[in-house]
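Student: Residue numbers (numbering that gives the first Met the number 0), protein chains in the order written: chain S, 0 to 693; chain A, 0 to 205; chain W, 0 to 213.
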Amino acid sequence: MANTPPPVEITTVRKSVLSGASFIWIIPLLALVVAFGVAWQSYAARGPVIIVKFTDGAGISAGETKLKYRDIEVGEVEEVGFGEGLEQVEVHIRLHKDIAPYVDASSVFWIVQPEVTAQGVSGLSTVLSGVYIEGSWDSEIGFAASTFKGSDVAPLIQPGESGLQIAFRSTANGSLTDNAPIMFRGIQVGQVGRAQISRSGAYAITEGLIYEEHRNLISSSTRFWDTSGFSFSVGPSGAEIDFSSLATLVGGGITFDTFVSGGDPAKDGEIFEVFEDKETARNSLFTSSEVDPLRVSVIFDENISGLAVGAPVELSGFRIGTVESLSGIVDFNQFGDSRVRLNVVLSIQPARLGLPGDVSAAAALSLLQDRVANGLRARLASASLLTGGLKVEMVEVPDAAPARLSATGVDMPVMPTTKSETSDAAATVEGVFTRINNLPIEELLNSAINVMNSAELLMSNDDLQKVPADVSTLLSDLSGIVTSDDVKNIPIALNATLTRVEGLVAELEKQRIAETLGKTLTAAADAAEAVTSSVEGVPELITDIQTVASKAASLEFDVLIQELTSLTSSAEALVSSPETAQLPVALSGALDQLNATLRELREGGAVENVNQTLASARNAADSIAVSSRDLPQVINRLNALFVQAGRTIEGYNRGDELSRSVEATLRDIQQAAGALEKLARTIERNPNSLLLGR
Amino acid sequence: MTAREAGLVACTRCGRAWPLGTADCGRCGARLVSRDKNSLQRVWALWIVGLMCYFPANMYPMLLTRQLFSVDESTIIGGAVDLAHHGAYGIAAIILVASVVIPLGKFWAIAFLAVSVRQERGFASHRRLLMYEVVEYIGRWSMIDIFVVAILSALVQLKGLATITPGPAAFFFALSVIFTMLSAQAFDPRMIWDAQPNDNEASDNG
Amino acid sequence: MSDAVDLSRTSLEQLIVCPVCDATYQLEHPGNGERAVCSRCHKVLIAPRRKAGMQIIAVAIAVVVLITAASVFPFLQISAAGRSNSVSIIDAALSFTEGPLLVLALMTAGFILFVPLLRMLLTVYVLVPVVLDRPPARHAIPAFRLSEAMRPWSMAEIFALGCAVALVKVADLATVSFGPAFWMFGVLVVLVIVQDSFMCKWSVWNSLEHPKGQ
Chain S
0 MANTPPPVEI TTVRKSVLSG ASFIWIIPLL ALVVAFGVAW QSYAARGPVI
50 IVKFTDGAGI SAGETKLKYR DIEVGEVEEV GFGEGLEQVE VHIRLHKDIA
100 PYVDASSVFW IVQPEVTAQG VSGLSTVLSG VYIEGSWDSE IGFAASTFKG
150 SDVAPLIQPG ESGLQIAFRS TANGSLTDNA PIMFRGIQVG QVGRAQISRS
200 GAYAITEGLI YEEHRNLISS STRFWDTSGF SFSVGPSGAE IDFSSLATLV
250 GGGITFDTFV SGGDPAKDGE IFEVFEDKET ARNSLFTSSE VDPLRVSVIF
300 DENISGLAVG APVELSGFRI GTVESLSGIV DFNQFGDSRV RLNVVLSIQP
350 ARLGLPGDVS AAAALSLLQD RVANGLRARL ASASLLTGGL KVEMVEVPDA
400 APARLSATGV DMPVMPTTKS ETSDAAATVE GVFTRINNLP IEELLNSAIN
450 VMNSAELLMS NDDLQKVPAD VSTLLSDLSG IVTSDDVKNI PIALNATLTR
500 VEGLVAELEK QRIAETLGKT LTAAADAAEA VTSSVEGVPE LITDIQTVAS
550 KAASLEFDVL IQELTSLTSS AEALVSSPET AQLPVALSGA LDQLNATLRE
600 LREGGAVENV NQTLASARNA ADSIAVSSRD LPQVINRLNA LFVQAGRTIE
650 GYNRGDELSR SVEATLRDIQ QAAGALEKLA RTIERNPNSL LLGR
Chain A
0 MTAREAGLVA CTRCGRAWPL GTADCGRCGA RLVSRDKNSL QRVWALWIVG
50 LMCYFPANMY PMLLTRQLFS VDESTIIGGA VDLAHHGAYG IAAIILVASV
100 VIPLGKFWAI AFLAVSVRQE RGFASHRRLL MYEVVEYIGR WSMIDIFVVA
150 ILSALVQLKG LATITPGPAA FFFALSVIFT MLSAQAFDPR MIWDAQPNDN
200 EASDNG
Chain W
0 MSDAVDLSRT SLEQLIVCPV CDATYQLEHP GNGERAVCSR CHKVLIAPRR
50 KAGMQIIAVA IAVVVLITAA SVFPFLQISA AGRSNSVSII DAALSFTEGP
100 LLVLALMTAG FILFVPLLRM LLTVYVLVPV VLDRPPARHA IPAFRLSEAM
150 RPWSMAEIFA LGCAVALVKV ADLATVSFGP AFWMFGVLVV LVIVQDSFMC
200 KWSVWNSLEH PKGQ
């Protein structure tokens with residue numbers, strides 16, 4: 000029998016995981032791959048984390064604040080926390096991978112925030128965008144570091160900048176603030192960094208940076224000085240106010256100049272000293288560094304006020320030291336009396352003397368001793384006309400009494416002195432006006448009055464009274480003579496004289512005394528000359544008249560009056576002499592005319608007018624004398640003021656409208672001052688100009 | 000033939016039929032409810048809450064835009080009008096449709112359905128069912144407004160330049176959408192068909 | 000009406016009721032590619048697909064991976080005038096952080112991320128034994144019920160469209176660049192939509208009720 004095959008065993012196949020595999024699984028696989036790929040990429044592209052420690056957080060927030068290098072974002076702050084003991088703020092910054100190697104141990108980090116300084120406002124953009132941390136490192140890969148100490152301020156040299164790095168040393172009164180500019184000819188060529196006190200405490204040391212392009216300006220003979228604030232000085236050259244720019248006015252600044260050529264170019268790290276002003280800086284070039292000063296004592300006989308501590312000590316006009324102290328000294332044994340004398344201690348800087356070889360106090364002493372033996376003496380002199388300050392001057396006095404600069408070794412050497420020269424400018428001008436004041440105007444007037452009186456006497460002389468009777472006949476004869484042909488020989492000057500005399504009378508009424516007098520006398524001279532030249536005594540009279548006339552033109556009153564007086568006295572003598580009757584009638588007529596003129600003068604009140612004029616002229620002279628005591632000073636001050644103001648304007652602003660008008664005003668003032676000066680000089684030269692108005 | 004008529008109650012989740020009165024579905028464990036008269040109450044209650052939330056959603060500002068130092072608040076409708084002024088008519092239209100037309104339409108539709116179930120007549124059941132399906136489908140999409148606000152507020156946080164923060168209207172709008180969704184879910188669409196047994200037979204025949 | 004009386008429990012399994020219109024039908028399994036449709040309301044009742052299970056699982060896993068990745072990586076980055084801001088999806092969800100808005104923030108994060116994630120995980124959890132013909136996992140039924148209950152609350156695709164709208168709004172103000180999460184999220188949304196259409200609920204319920212492993 001055939002058995003039916005058993006049914007095939009059916010086993011259910013358990014579906015394995017892969018049996019349903021189809022393309023559908025690509026999707027999750029792809030998703031996984033993509034997810035992991037992105038994760039890996041973002042992880043691998045991360046740079047390292049560095050820790051920067053700051054003193055305060057200043058607005059740094061995790062996840063937001065960026066790290067920038069040359070204004071490009073190179074990192075981000077991941078975390079902000081505190082260091083050990085809450086002392087510092089630790090900022091974890093994740094750097095970009097490509098920049099990470101360059102961040103080495105020499106890197107500097109600082110926070111950029113808005114700042115307002117004297118030099119301006121910086122970091123304003125961070126108000127909107129938030130603060131950021133800026134880093135600076137070089138382009139070489141150095142030692143790697145992961146922890147840094149952040150600095151509070153940006154370093155002096157920013158990345159990408161290079162320059163000459165020097166240090167400044169300044170003593171007291173330095174007012175350098177951080178980041179003050181270094182100016183040269185008005186352009187900022189560098190910057191001052193932070194100031195620190197040196198270890199010894201005597202100086203402030205500040206680092207400075209001169210930008211690369213201006214590196215060549217600095218050499219070993221460059222001197223720096225402080226131009227902070229403004230400087231105001233009054234000295235022999237006048238008053239001066241000076242400041243460089245608004246920035247330096249507020250925040251301080253240094254400027255420099257290379258006064259001599261031939262210095263070596265400066266190197267990084269050189270230390271320069273910052274002087275107080277330009278003069279000190281310039282002077283420092285000519286002196287080697289200061290050594291101990293030589294102290295010398297000087298005893299002045301006169302006790303003149305005006306010398307102060309710190310006043311300059313000058314030799315041949317060059318300042319070699321200062322007055323260190325003043326005191327009085329009374330020493331009966333030394334001086335022979337108990338007067339208080341002025342004991343001045345001078346501090347002389349040997350370096351200023353320009354000593355060859357050894358520069359020391361001893362060498363200076365020996366030099367001075369040598370010079371004193373040759374006549375060098377110390378004296379007080381005016382330092383400034385305006386302020387009346389004094390200085391100590393050492394001058395060579397010719398024919399000085401022999402003296403020595405004694406150096407006993409224990410006490411200070413005592414320098415011999417000579418007479419002080421304190422000039423008083425005002426005195427000279429005053430003297431002039433004193434002289435004017437002293438002009439004998441009173442006597443002048445008195446003698447003029449005497450002349451008039453004697454002239455009146457002359458006219459009221461009895462002898463002369465007889466003259467008119469003769470005169471009338473004389474005149475009729477005269478007219479006959481004039482009309483006759485013989486008279487034609489008489490020079491026409493007589494006619495002219497008469498007409499001129501008439502004109503003179505008219506002019507005299509207008510008080511033109513001098514010219515008319517002169518002309519009168521000339522007419523008289525001419526008349527005398529014209530009529531006769533053979534009369535005795537007349538030639539002298541004529542010459543006298545002529546000289547008087549010429550002198551009248553030169554207007555020397557006193558001489559004029561004398562001449563007039565002598566003239567009239569001689570004329571008087573002549574008139575009262577018997578010969579007078581023999582004088583030609585015309586001459587007596589001329590004299591009569593003169594007398595009449597003079598009488599009219601007096602009656603017309605001309606003399607009083609002259610008196611009054613002279614009196615008022617004298618008052619004017621007095622008042623001018625009074626005011627002119629101050630005139631030279633006024634003139635000087637005005638001049639100085641203009642100079643000072645001019646410099647101020649120059650330095651302050653050019654081309655500004657305000658300054659232009661001020662300049663114009665100052666120019667007017669100067670012209671006025673100049674005119675005043677001229678007036679003073681003219682008056683000094685020619686006091687008569689007061690009277691004549693010229 | 001409805002399950003109800005057959006004395007059965009169906010599980011709305013899994014479609015299984017159970018005898019009427021069974022409490023839970025044996026297959027999927029869902030609660031078996033044949034017809035719930037209270038469902039309409041739930042529908043209305045949730046509908047009212049949704050409507051109540053819709054008003055503050057439009058009155059309060061939806062977005063607060065802070066640009067530099069000026070703060071600009073805009074409500075839903077205000078924002079759409081602004082966009083239209085700036086020329087972005089498309090976006091304005093989308094916003095208006097999504098935030099105003101659709102919610103209002105939903106309110107109206109649910110109300111209509113709830114009312115129509117009570118009445119023995121009305122629109123054809125198909126239409127009403129369609130309306131119900133549409134409401135249920137679109138309900139979720141009203142949340143797009145909320146998400147737009149969320150994205151904008153999260154993205155535009157550029158301090159000092161422009162900062163967008165959501166306003167209280169967002170909260171109310173979300174609540175309104177959620178409650179509307181719950182309201183639509185509470186509605187039992189089977190009730191649509193109960194009212195018209197004639198339709199039932201008509202469709203059976205046709 | 001008379002039919003109703005005789006139905007016993009076992010025959011109830013032969014019935015299928017339309018959840019929308021409550022129409023009762025006799026159950027018939029459609030084949031792959033076929034569908035069972037309610038004749039009254041035209042709702043699709045059963046729509047099995049070939050190898051749907053594996054596909055669903057694969058897609059679910061992909062979605063899980065993508066969601067976790069997309070929520071961590073930067074999503075969008077905006078930059079304007081030198082300032083920039085980069086957000087991830089979690090940042091976007093948590094942008095409501097003030098007061099009552101915090102609730103909204105949590106809800107938003109839930110709708111966008113957690114609900115889809117949970118749904119996918121549950122789906123995987125439920126389907127893996129089914130597909131492998133093993134007995135269903137413990138609590139598979141409540142898990143699946145939960146998963147289905149959360150379906151209307153999964154709003155990932157709505158968020159994607161919201162992003163598009165927001166970007167259009169912002170793009171003319173500033174420069175917006177997409178991070179990796181953006182693309183992941185886009186793919187994720189597509190996958191979620193695909194997955195929802197692949198899955199046939201009834202088939203899963205049926206498999207859960209009648210697991211093949213037993």
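For every residue, glycine included, the Cβ atom is placed at its ideal position computed from N, Cα and C.
(1) Is residue 121 of chain S close to chain W, meaning its C-beta is less than 9 Å from at least one C-beta of that chain?
(2) Buried or exposed: residue 268 of chain S, going by 16 or more other Cβ atoms within 10 Å of its Cβ?
(3) Would residue 86 of chain W and residue 75 of chain W be called neighbours here (beta carbons separated by less than 9 Å)?
(4) I want to verify the contact list: residues of chain S whose CB lies under 8 Å from the CB of residue 72 of chain W, in sequence order.
(5) Determine, using beta carbons only, whether residue 66 of chain S comes closer than 9 Å to chain W.
(6) Around the Cβ of residue 118 of chain A, are there at least 16 other Cβ atoms within 10 angstroms (buried) or fewer (exposed)?
(7) Buried or exposed, going by whether 16 or more other CB atoms sit within 10 Å of the CB of residue 187 of chain A?
(8) Since residue 129 of chain S contacts residue 54 of chain S with CB under 8 Å, what's their CB separation in whole angstroms?
(9) Is residue 215 of chain S helix, strand or coil when you go by DSSP?
(10) Would residue 221 of chain S and residue 271 of chain S be called neighbours here (beta carbons separated by less than 9 Å)?
(11) Quick one: what does DSSP say residue 78 of chain W is sitting in, helix, strand or coil?
(12) Counting only Cβ pairs nearer than 7 Å, list the residues of chain W close to residue 147 of chain A.
(13) Name the chain W residues that come within less than 8 Å of residue 77 of chain A, Cβ to Cβ?
(14) Does residue 9 of chain A come within less than 9 Å of chain W when only Cβ atoms are used?
(15) Between residue 273 of chain S and residue 253 of chain S, which are expected to be in contact by the criterion C-beta below 8 Å, what is the C-beta distance as a whole number of angstroms?
(16) Where does residue 578 of chain S land, buried or exposed, given buried means 16+ other C-beta within 10 angstroms?
(17) Would you call the CB atoms of residue 78 of chain A and residue 177 of chain A closer than 9 Å?
(18) On the criterion of 16 or more Cβ atoms from any shown chain inside 10 Å, does residue 327 of chain S qualify as buried, or is it exposed?
(19) Would you verify that the beta carbon of residue 48 of chain W is, or is not, closer than 9 Å to some beta carbon of chain S?
(20) With distances taken from CA atoms, which of S/301, S/397, S/439, S/318 is nearest residue 334 of chain S?
(21) Against chain S, does residue 76 of chain W count as a neighbour if the rule is that its beta carbon must be under 9 Å from one of theirs?
(22) Across which residues does DSSP place residue 393 of chain S in a beta bridge pair?
(23) Comparing alpha-carbon positions, which option in W/32, W/34, W/38 lies nearest residue 17 of chain W?
(24) At the 9 Å Cβ level, is residue 195 of chain W part of the contact set with chain A, yes or no?
(25) By Cβ distance, which residues of its chain are closer than 6 Å to residue 94 of chain W, with the 5 residues on each side in sequence left out?
(26) Do the segment 89-108 of chain A and the segment 134-151 of chain A make contact, defined as three or more Cβ pairs closer than 8 Å?
(27) With a threshold of 9 Å between beta-carbons, can residue 179 of chain W be considered close to chain S, or not?
(28) Whole angstroms is fine: what's the gap from residue 620 of chain S's alpha carbon to residue 443 of chain S's?
(29) Please check if any C-beta of chain S sits within less than 9 Å of the C-beta of residue 183 of chain W.
(30) Inspect the beta-carbon positions of residue 69 of chain W and residue 183 of chain W and report whether they are closer than 9 Å.
(31) Using only alpha-carbon positions, find the residue among W/71, W/208, W/193 that is nearest to residue 48 of chain W.
(32) Whole angstroms is fine: what's the gap from residue 206 of chain S's alpha carbon to residue 182 of chain S's?
(33) So, with DSSP's three-state summary, where would you put residue 724 of chain S?
(34) Going by alpha carbons, who is nearest to residue 178 of chain W out of S/366, S/103, S/438, S/41?
(35) Quick one, which residues of the segment 21-34 of chain S are near chain W if we go by CB-CB under 9 Å, in chain order?
(36) Flag residue 186 of chain W as yes if its beta-carbon sits less than 9 Å from any beta-carbon of chain S, otherwise no.
Tutor: Here's the rundown:
(1) Here the question's residue 121 of chain S lines up with position 122 in the first sequence. Not an interface residue.
(2) As a first step, residue 268 of chain S must be located in the first sequence, where it is residue number 269. Taking all protein chains in view, the Cβ of residue 268 of chain S is surrounded by fewer than 16 other Cβ atoms within 10 Å, so the residue is classified as exposed.
(3) As a position in the third sequence, residue 86 of chain W is number 87, starting the count at 1. As a position in the third sequence, residue 75 of chain W is number 76, starting the count at 1. Contact: yes.
(4) Sequence index remark: in the third sequence, residue 72 of chain W carries index 73 (1-based). Here the neighbours are 37, 38, 41.
(5) Indexing the first sequence from 1 puts residue 66 of chain S at position 67. By this cut-off, residue 66 of chain S is not an interface position.
(6) What you label residue 118 of chain A is simply residue 119 of the second sequence in a count that begins at 1. By the neighbour-count rule (16 or more Cβ atoms within 10 Å), residue 118 of chain A is not buried but exposed.
(7) Indexing the second sequence from 1 puts residue 187 of chain A at position 188. By the beta-carbon neighbour count (other beta carbons within 10 angstroms, threshold 16), residue 187 of chain A is buried.
(8) On the first sequence, residue 129 of chain S is found 130 positions in, with the first residue counted as 1. On the first sequence, residue 54 of chain S is found 55 positions in, with the first residue counted as 1. Their Cβ separation, rounded to whole angstroms, is 19 Å, which puts residue 129 of chain S and residue 54 of chain S out of contact at 8 Å.
(9) The residue you call residue 215 of chain S lines up with position 216 of the first sequence. The three-state secondary structure of residue 215 of chain S, taken from DSSP, is helix.
(10) As a working note, residue 221 of chain S is residue 222 in the first sequence. As a working note, residue 271 of chain S is residue 272 in the first sequence. Taking 9 Å as the cut-off, the beta carbon of residue 221 of chain S is found closer than this to the beta carbon of residue 271 of chain S.
(11) As a working note, residue 78 of chain W is residue 79 in the third sequence. Residue state, collapsed to three classes: strand.
(12) For the purposes of this step, residue 147 of chain A is taken as the residue at position 148 of the second sequence. By Cβ distance, chain W contributes 161, 164, 165.
(13) Taking the second sequence and counting its residues from 1, the one referred to as residue 77 of chain A is at position 78. Within chain W, no residue comes near residue 77 of chain A; the closest Cβ sits about 14 Å away, beyond 8 Å.
(14) Translated into the one-based positions of the second sequence, residue 9 of chain A becomes position 10. Output row for residue 9 of chain A: interface = yes.
(15) Here residue 273 of chain S is taken as the residue at index 274 of the first sequence, counted from 1. Here residue 253 of chain S is taken as the residue at index 254 of the first sequence, counted from 1. The C-beta distance from residue 273 of chain S to residue 253 of chain S rounds to 6 Å, short enough to fall under 8 Å.
(16) For the purposes of this step, residue 578 of chain S is taken as residue 579 along the first sequence, with counting starting at 1. In this prediction, residue 578 of chain S scores a pLDDT of 48, lower than 50, which makes its location untrustworthy; the coordinate-derived value is nonetheless stated afterwards. So residue 578 of chain S ends up on the exposed side.
(17) For the purposes of this step, residue 78 of chain A is identified with residue 79 of the second sequence, where counting begins at 1. For the purposes of this step, residue 177 of chain A is identified with residue 178 of the second sequence, where counting begins at 1. Against a cut-off of 9 Å, the Cβ pair of residue 177 of chain A and residue 78 of chain A comes out as no contact.
(18) Looking up residue 327 of chain S in the first sequence gives position 328. Residue 327 of chain S sits exposed, since fewer than 16 C-beta atoms from the chains shown fall within 10 Å of its C-beta.
(19) Working through the third sequence from its first residue, we reach residue 48 of chain W at position 49. Put simply, the CB of residue 48 of chain W is far from chain S, with every gap to its CB atoms at 9 Å or more.
(20) The sequence position of residue 334 of chain S within the first sequence is 335, counting from 1. Measuring from the Cα of residue 334 of chain S, the nearest candidate turns out to be S/301.
(21) Here the question's residue 76 of chain W lines up with position 77 in the third sequence. Taking Cβ atoms only, chain S never reaches closer than 9 Å to residue 76 of chain W, which makes this a no.
(22) Within the first sequence, residue 393 of chain S is the residue found at index 394, counting from 1. DSSP output for residue 393 of chain S lists S/314, S/377 as bridge partner(s).
(23) Along the third sequence, one-based indexing puts residue 17 of chain W at 18. Of W/32, W/34, W/38, the residue nearest in Cα terms is W/38.
(24) Here the question's residue 195 of chain W lines up with position 196 in the third sequence. The beta-carbon of residue 195 of chain W is placed no less than 9 Å from the nearest beta-carbon of chain A.
(25) The residue given as residue 94 of chain W occupies position 95 in the third sequence. Its chain contains no residue whose beta carbon lies nearer than 6 Å to that of residue 94 of chain W once the 5 sequence neighbours on both sides are disregarded.
(26) Because the criterion of three Cβ pairs below 8 Å is met, the segment 89-108 of chain A and the segment 134-151 of chain A touch.
(27) Locating residue 179 of chain W in the third sequence gives position 180, counting from the first residue. True, the Cβ-Cβ gap to chain S drops below 9 Å.
(28) Here residue 620 of chain S refers to the residue found at position 621 of the first sequence. Here residue 443 of chain S refers to the residue found at position 444 of the first sequence. Any reading at residue 620 of chain S is ruled out, since the residue's pLDDT is 45, under 50, leaving its predicted position unreliable.
(29) Position 184 of the third sequence, counted from the first residue, corresponds to residue 183 of chain W. In terms of beta-carbon proximity, residue 183 of chain W lines the interface with chain S, with at least one pair separated by less than 9 Å.
(30) By 1-based counting over the third sequence, the position of residue 69 of chain W is 70. By 1-based counting over the third sequence, the position of residue 183 of chain W is 184. Here residue 69 of chain W is near residue 183 of chain W, since their CB atoms are less than 9 Å apart.
(31) Walking along the third sequence from the start, residue 48 of chain W turns up at place 49. Out of W/71, W/208, W/193, W/193 has the C-alpha closest to the C-alpha of residue 48 of chain W.
(32) Here the question's residue 206 of chain S lines up with position 207 in the first sequence. Here the question's residue 182 of chain S lines up with position 183 in the first sequence. Roughly 15 Å separates the two Cα atoms.
(33) What is shown of chain S runs 0 to 693, which leaves residue 724 of chain S out entirely.
(34) Working through the third sequence from its first residue, we reach residue 178 of chain W at position 179. It is S/41 whose Cα lies nearest to the Cα of residue 178 of chain W.
(35) Against chain W - using a Cβ distance shorter than 9 Å - the residues of the segment 21-34 of chain S are 21, 23, 24, 25, 26, 27, 28, 29, 30, 31, 33, 34.
(36) Here residue 186 of chain W refers to the residue found at position 187 when the third sequence is read from its first residue. Taking Cβ atoms only, chain S reaches closer than 9 Å to residue 186 of chain W, which makes this a yes.
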